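Reading through the structure tokens given below for one structure.
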Amino acid sequence: MSEKQQDGPRLTFPHPPARPGERADFSSLDIPEAGALDVPPPEIDSIASRPYANGMIRVLNDAGEAVGPWADYVGQVSDEALLDGMRDMMRTRAIDTRMLNAQRQGKTSFYLQCTGEEAIGVGFQRQLQAGDMNFPTYRQQSLLVAAGYPLEALMGQIYSNDFDPLQGRQLPIMHSARDYGYFSVSGNLGTQYVQAVGWAMANALTRNGQIAAGWIGDGATASNDYHSGLLTASTYRPPVILNIVNNQWAISTYTGEALGGARTYASRARGYGIPALRVDGNDYLAVLGVAKWAVARVRAGHGPVAIEWFTYRVAAHSTSDDPSAYRPKDEARSWPLGDPIERLKTHLIARGAWSEERHAQTEAQITDEVRTVQKEVESHGTLVDPQPMSSASILKGVYAEMPPHLIRQRQDMGV
Amino acid sequence: MTMIEALRSAMDVMLARDERVVIFGEDVGYFGGVFRCTQGLQKKYGEERVFDTPINESAIAGMAIGMAAQGMRPCAEIQFADYMYPAYDQITQEAARIRHRSNGDFTCPLTIRMPTGGGIYGGQTHSQSPEALFTHVAGLKVVQPSTPYDAKGLLIASIEDPDPVIFLEPKRLYNGPFDGDHTATSQGWAQHPAGDVPEEYYRIDLGKASVRREGAALTILAYGTMVFVAERAVRDTGVDAEIIDLRTLLPLDLETIRASVEKTGRCLVLHEATRTSGFGGELIAEVQEACFWHLEAPIVRVTGWDAPYPHAQEWDYFPGPKRAARGIARVMEA
Ligand SMILES: Cc1ncc(C[n+]2csc(CCOP(=O)(O)OP(=O)(O)O)c2C)c(N)n1
Ligand SMILES: [Mg+2]
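Residue numbers (the UniProt record's numbering), protein chains in the order written: chain A, 1 to 415; chain B, 1 to 334.
In structure tokens form, the structure reads like this:
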């Protein structure tokens with residue numbers, strides 16, 4: 001190495017606006033007014049998508065009213081349909097709360113909540129059709145809930161008991177549910193993104209009319225496979241929606257680390273030649289509208305689209321994490337886009353379709369429903385009180401047909 | 001010290017001694033790593049020495065190579081060994097070969113740390129033991145300590161090494177020894193003699209195994225967590241085994257192994273990684289080539305099953321003291 005000089009180029013190290021002990025500070029976030037952006041034509045290209053990638057599509061204003069062109073585009077969604085979405089968001093949250101507690105009681109090894117992000121999966125899933133496939137991360141359980149996945153299977157997977165369709169093989173939350181449009185979740189970040197592109201290419205090659213949706217967190221957009229996904233989607237233009245859930249954090253790492261010098265994740269996707277939109281992910285109506293638009297675009301054959309869902313990870317990264325070590329305690333409460341359930345509630349009350357009392361009643365009902373299923377599922381075993389799981393299942397399913405060396409190992413196991 | 005503290009102490013000592021040392025990885029800077037191995041180091045040495053990276057393992061390895069080639073001494077962390085695969089190209093095709101292909105024009109003195117092994121209910125993506133994927137590559141050195149004392153001395157030697165070192169940390173041993181009995185209350189390192197770690201600089205040379213227990217009946221080769229499983233199995237069976245903790249898998253201390261097997265005439269190999277093409281296969285081949293005429297029984301290996309590491313069936317997968325004891329019996333009965 002040569003002699004160190006005093007001046008010369010220095011590196012940049014991105015910093016979050018506030019650290020523990022400081023006041024949460026989102027003052028540098030530019031949050032556009034609800035209703036400010038119009039609805040682009042479905043065949044829009046990446047260049048023309050600039051305002052949508054740098055701006056933010058929002059429908060619900062502070063008073064809870066649905067305003068602007070996107071409100072019109074979502075159309076007259078019935079009260080009942082919105083309430084269904086509300087119930088799925090509440091259900092997701094109730095499951096998260098109860099599974100978190102189960103982990104704290106030692107009944108399972110691990111859990112991971114999606115608190116604050118429920119609107120994204122619940123609204124998006126409603127616009128898909130049977131046969132469409134999500135390629136989720138570990139934080140998209142709201143898609144599964146909205147797809148009507150049986151709660152017994154969902155919780156059985158968390159407890160690794162005989163309700164678990166995956167026979168205890170996978171870490172809790174790494175679901176797999178083909179019939180519900182939920183591709184097997186991997187622990188290796190980013191891998192699913194380019195697989196979604198491949199799946200969508202098969203959709204196009206076989207003209208089956210189905211579409212795919214890739215999902216990734218803001219932090220994992222740094223992975224090679226994210227870039228492979230955008231590149232190949234740009235090259236072949238298959239029917240795929242490439243979702244980026246920007247919840248501002250990647251474990252302890254501030255989103256600026258993955259964003260680097262880009263303005264938004266959506267704008268970076270544009271650089272690959274893919275039209276991109278940025279959306280208020282805590283606004284259920286915006287989610288419904290943009291998901292409807294995106295699904296229509298890709299199904300009609302206008303090519304891929306990328307969507308950055310702007311949201312905030314309210315809970316810890318997982319049960320292995322303590323966010324008070326790296327971000328201010330009040331940061332979630334200061335998040336300027338609020339809570340998706342509260343915001344939809346305000347809207348429904350403003351519409352005259354809902355009330356605080358009915359909301360509280362529904363919450364109690366859903367908690368009850370979830371608790372009942374949980375009890376039933378727990379009666380089939382937990383980590384504290386396990387029901388014997390055959391060790392032979394370790395060697396089953398590694399291959400379609402068990403090769404001789406695994407048969408020998410099974411004999412060695414003595415099972 | 002715990003193993004975490006010992007590793008931190010090694011990095012602390014090296015950051016202070018050598019301004020060419022830089023530390024980086026995912027969540028490594030401000031937070032200090034998900035296992036807290038680098039906690040406090042950024043605060044002490046500043047962001048130019050200790051910093052966070054985007055979630056891109058090939059970038060972590062690639063940046064380390066660029067820095068190392070200039071003469072810096074990067075010590076990078078991959079959050080879990082299970083996540084090193086995107087970095088595999090950079091590590092095996094670049095770091096490992098730069099010295100040779102440039103005929104010494106460029107070299108690659110870097111260390112890549114990664115937690116390895118199971119025992120924490122981490123399922124298939126937080127439990128893997130990929131050591132054989134590295135020992136198979138010419139140009140890399142591969143280290144795996146089993147105690148805090150060794151961890152510190154070996155990490156310092158790795159950072160000082162002129163060639164790329166893959167430093168595998170048995171995460172189940174981070175906070176205390178573990179003999180495979182998951183029902184027992186966990187012991188900390190405070191009660192263990194190897195938890196006694198000096199604050200100051202010291203090194204343990206790479207390529208030197210350590211005899212953890214002397215014995216005459218059988219030689220057990222192990223590394224990482226399996227060293228403690230071996231000790232337990234020896235206690236349970238009462239067989240007078242010699243236990244060798246390899247510490248460095250590559251370069252392998254064949255002399256220590258040979259001396260032991262020539263004395264005992266029997267050998268058992270333990271590892272947590274899957275069996276087929278695991279490092280045990282290499283060990284067995286070396287032992288039989290070097291000691292064939294001294295062997296009284298076939299060499300046996302006890303390993304993880306050839307399947308992805310399962311979540312719920314963790315203790316059926318993990319080759320614990322019962323399976324190790326069965327292995328001992330097989331070698332002794334033959
Ligand atoms: C290849 C790889 N590297 C590292 C990790 C460890 N890891 C798990 S989650 C995570 C953070 C991901 O953050 P983000 O993509 O923003 O998703 P979020 O958790 O916020 O939903 C990291 C670093 C991993 N699972 N896979
Ligand atoms: Mg994130």
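The beta-carbon is built from N, C-alpha and C at its ideal position, and this holds for glycine as well. Given the structure is predicted, the values throughout are model-derived calculations rather than measurements.
Identify the contact partners of residue 219 of chain A in chain B, using a Cβ-Cβ distance below 7 angstroms as the criterion.
What residue 219 of chain A touches in chain B, judged by beta-carbon distance under 7 angstroms, is 55, going in chain order.
Quick one: what's got a C-beta closer than 6 angstroms to residue 406 of chain A's C-beta in the same chain, skipping five residues either side?
395
Are the stretch 237 to 244 of chain B and the stretch 113 to 127 of chain B touching, with three or more C-beta to C-beta distances below 8 angstroms?
The stretch 237 to 244 of chain B and the stretch 113 to 127 of chain B do not touch, with fewer than 3 CB-CB distances between them shorter than 8 angstroms.
Hey, quick one: how far does the beta strand (DSSP E) through residue 273 of chain B stretch, first residue to last?
267 to 274
Just the Cα atoms here: how many angstroms apart are residue 224 of chain B and residue 141 of chain B?
Here the alpha carbon of residue 224 of chain B sits roughly 16 angstroms from the alpha carbon of residue 141 of chain B.
Tell me residue 22 of chain A's beta-bridge partners as DSSP assigns them.
Per DSSP, none; premise fails for residue 22 of chain A.
Is the CB of residue 251 of chain A under 7 angstroms away from at least one CB in chain B?
Yes, its Cβ sits closer than 7 angstroms to a Cβ of chain B.
Count the other CB atoms, across all protein chains shown, that sit within 10 Å of the CB of residue 135 of chain A; report buried if there are 16 or more and exposed otherwise.
buried
Which whole-angstrom value is the C-beta distance of residue 167 of chain A and residue 28 of chain A, which I expect to be below 8 angstroms?
Rounded, the Cβ-Cβ distance is 48 angstroms, inconsistent with contact.
Tell me where the beta strand (DSSP E) around residue 135 of chain A begins and ends.
133 to 135
Within 8 angstroms, do at least three Cβ pairs link the stretch 148 to 162 of chain A to the stretch 97 to 105 of chain A?
yes
Please classify residue 317 of chain A as buried or exposed, where buried requires at least 16 neighbouring CB atoms within 10 angstroms.
buried
Could you tell me whether any Cβ in chain B is nearer than 7 angstroms to the Cβ of residue 50 of chain A?
no
Residues passing the C-beta test against ligand 4 heavy atoms, cut-off 7 angstroms:
Ligand 4 is not part of the structure shown, which contains ligand 1 and ligand 2 as its ligands.
Touch test, the stretch 226 to 235 of chain A against the stretch 269 to 276 of chain A, Cβ-Cβ under 8 angstroms, three pairs minimum
yes
Counting along the chain, where does the beta strand (DSSP E) carrying residue 3 of chain B start and finish?
No beta strand (DSSP E) contains residue 3 of chain B, which is instead part of the alpha helix (DSSP H) from 3 to 17.
If residue 278 of chain A and residue 266 of chain A are in contact, beta carbons under 8 angstroms, what's the gap, nearest whole angstrom?
4 angstroms
Would the stretch 246 to 257 of chain A and the stretch 214 to 222 of chain A be scored as touching if the rule is three or more Cβ pairs under 8 angstroms?
yes
For ligand 1, I want to know if residue 26 of chain B counts as a neighbour, meaning its beta carbon is within less than 6 angstroms of at least one of the ligand's heavy atoms.
Yes.
Strictly under 7 angstroms for the Cβ-Cβ distance: is residue 292 of chain B near chain A by that measure?
no
Between residue 311 of chain B and chain A, is the shortest Cβ-Cβ distance under 7 angstroms, so that the two count as touching?
yes
Are residue 448 of chain A and residue 352 of chain A close, meaning C-beta to C-beta below 7 angstroms?
For residue 448 of chain A there is no data in the structure shown, the boundaries of chain A being 1 and 415.
Residue burial classification, residue 100 of chain B (beta-carbon count within 10 angstroms, cutoff 16)
Exposed is the call here.
Taking any Cβ of chain A, which residues in the stretch 57 to 81 of chain B have a Cβ under 9 angstroms from it, in chain order?
57, 58, 59, 70, 71, 72, 79, 80
Close Cβ partners of residue 209 of chain A (< 8 angstroms) along its chain, the five nearest in sequence each way excluded:
131, 203, 299
The alpha helix (DSSP H) that contains residue 51 of chain B, what's its start and end?
Careful: residue 51 of chain B lies outside any alpha helix (DSSP H), inside the beta strand (DSSP E) at 50 to 52.
Using C-beta distances below 6 angstroms, list every residue in its chain close to residue 146 of chain B, excluding the 5 sequence neighbours before and after it, in chain order.
So the qualifying residues of the chain are 224, 227, 245.
Beta bridge counterpart(s) of residue 243 of chain A as assigned by DSSP:
Residue 243 of chain A has A/215, A/307 as its beta-bridge partners, per DSSP.
In chain B, which residues lie with their C-beta within 7 angstroms of the C-beta of residue 135 of chain A?
Neighbours of residue 135 of chain A on chain B: none; closest Cβ ~16 angstroms, over 7 angstroms.
If contact is defined by three or more beta carbon pairs under 8 angstroms, each pair taking one atom from either stretch, is the stretch 32 to 45 of chain A in contact with the stretch 76 to 89 of chain A?
no
Give me the chain A residues within the contact set of residue 124 of chain B, using Cβ-Cβ distance strictly less than 8 angstroms, ordered along the chain.
In chain order: 169, 170, 171, 187.
Contact list for residue 26 of chain B against chain A, beta-carbon separation under 7 angstroms:
For residue 26 of chain B, the chain A residues whose Cβ falls inside 7 angstroms of its Cβ are 253, in order along the chain.
Round the Cβ separation of residue 285 of chain A and residue 53 of chain A to the nearest angstrom and send it over; I've been treating them as touching at under 8 angstroms.
With a Cβ gap of about 20 angstroms, residue 285 of chain A and residue 53 of chain A do not count as contacting.
Please determine, among B/110, B/51, B/96, B/263, the residue with the shortest C-alpha to C-alpha distance to residue 26 of chain B.
B/51
Partners in chain B for residue 405 of chain A, counting only beta-carbon separations shorter than 7 angstroms
Within chain B, 276, 306 have C-beta atoms less than 7 angstroms from the C-beta of residue 405 of chain A, given in sequence order.
Bridge-paired residues (DSSP) for residue 242 of chain B:
Looking at the DSSP output, residue 242 of chain B shares a beta bridge with B/219.
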